[in-house]
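Numbering (this note's numbering), first residue to last: 5 to 388. Just below is one structure, and these are the notes that go with it.
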């Protein structure tokens, strides 16, 4: 059995695991990433890669806005722009849903944010030539857009390895034990020990937490995507809509990418997601409702990923209150890609004991702890 010693073990080789590992290594820590399959095998590799602060939960706006700024500076972080293009984000509404836009704009303003700009009929048509006349207003954020998920994965992996991170793929953590101030993780021919562990295991993060004695209630999402043939350049922001499931963008390769959170099926035993065509057709219909001129474009590929989802749709970012030295970062519920640049250094702060500039109270792991049965005693911490 191979023996590995590190200062930090990261479980999960998706973008949030790689990002945390990169920032920890740059702070002088010896970091090993343990990935059951291969880097980016699930949610990170299946992402629509939107970079959006628009319409975020209030608790996420600060992280999202900081992340947008960092996406503009990505070459200085990982040596690559990750295919990021700031073509804007726009959420459309028909006459029946304009009030939702107005309410959202008022909420953002009341919290001190002015990045979401309410636009009317003429501006919508300027931003999206060919848009259906039924859409009469929108909320627009100018400095956001989308990136290339696979290019981002390659860039973060290269940067992490250049900083000294060791990545071990094909290693599933099967058991966890505690000896003194160190954790020992066993699985697939290795025993890895370290005083600090980052749980970035995505859809399997709840199972990982349970190995450390911490129960966190999670579900899974199998969000589906459509990609089309290459088409002529369409000058438009990333488009969403009020009252429908849609995310529509054009990639740098000229294809159209359609998402919006429509759900496929996930088989946990086979570890495989499947597309449900009847659900996926709703996404195609929503795109045609917005841009009727897309009707003759050919769909070339569809897929579904798998990721962790929380009851309140907010991620889990924080230190375990049960297991000393364990930090969680997972449960982004379909909108974690954009937050990567700001969350990664936050996780490094949590591991190293540095005070974060961000209020993380809304993301505490303990908020998702299942309620104890009446009369049951609280679980003792595993840090003794």
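For glycine and all other residues, C-beta sits at the position ideal for the given N, C-alpha and C.
For residue 203, no alpha helix (DSSP H) run applies; the uninterrupted beta strand (DSSP E) run containing it begins and ends at 200 to 203, by DSSP. Per DSSP, the continuous beta strand (DSSP E) segment holding residue 330 begins and ends at 330 to 334.
Contact between the region 143 to 153 and the region 86 to 104 is present, with at least three C-beta pairs closer than 8 Å. Under the 8 Å Cβ criterion, the region 339 to 358 counts as touching the region 27 to 34, having at least three qualifying pairs. Residue 245: member of the beta strand (DSSP E) spanning 242 to 245, first to last residue.
With a 10 Å radius around the Cβ and a threshold of 16 neighbouring Cβ atoms, residue 152 comes out buried. Burial state of residue 221 is exposed, judged by a 10 Å Cβ sphere holding fewer than 16 other Cβ atoms. In the three-state reduction of the DSSP assignment, residue 23 falls in the helix class.
Nearest C-alpha to residue 284 among 6, 343, 36, 251: 251. The straight-line gap separating the alpha-carbon atoms of residue 161 and residue 67 is approximately 22 Å. The three-state reading of DSSP puts residue 304 in strand, counting E and B together.
Sequence-distant partners of residue 85 (beyond 5 residues in either direction) whose C-beta falls short of 6 Å from its own C-beta, in its chain, are 78, 79.
Contact between residue 37 and residue 23 does not hold, since the beta-carbon distance rounds to 11 Å and is not under 8 Å. Closest in alpha carbon position to residue 217, among 314, 199, 243, 182, is 182. Apart from the 5 residues on each side of it in sequence, residue 271 sits with its Cβ closer than 8 Å to the Cβ of 277, 278 in its chain, given in chain order.
When only Cα atoms are considered, residue 82 and residue 164 end up about 8 Å apart. For residue 183, the uninterrupted beta strand (DSSP E) segment begins and ends at 179 to 183. If you ignore the 5 residues before and after residue 304, its C-beta comes within less than 7 Å of the C-beta of 231, 232, 233, all in its own chain and listed in chain order. Residue 277 is bridged by DSSP to 270. Residue range 6 to 9 is occupied by the beta strand (DSSP E) that includes residue 8. Taking a C-beta distance under 8 Å as the contact criterion, residue 236 and residue 21 do not qualify as a contact pair. Each residue's CA atom was taken as its position, placing residue 240 and residue 170 some 40 Å apart. For residue 259, the enclosing beta strand (DSSP E) begins and ends at 259 to 263. For residue 143 against residue 58, the beta-carbon gap comes to about 6 Å, under 8 Å, which counts as contact. If you draw a 10 Å sphere on the C-beta of residue 75, you find 16 or more other C-beta atoms in it, and that means buried. Secondary structure of residue 141 (DSSP, three-state): strand. Sequence-distant Cβ neighbours of residue 362 in its own chain, meaning closer than 7 Å and more than five residues away, are 66, 67, 350. With 16 or more other Cβ atoms from the protein chains shown falling within 10 Å of its own Cβ, residue 40 counts as buried.
Put simply, of 208, 9, 269, 213 the residue whose alpha carbon is nearest the alpha carbon of residue 229 is 269. The beta carbons of residue 238 and residue 257 sit no closer together than 8 Å. The C-alpha of residue 189 lies about 53 Å from the C-alpha of residue 300.
Inter-residue distance for residue 166 and residue 136 is about 48 Å (C-alpha atoms, whole angstroms). Residue 47 is positioned such that its CB atom lies no closer than 8 Å to that of residue 322.
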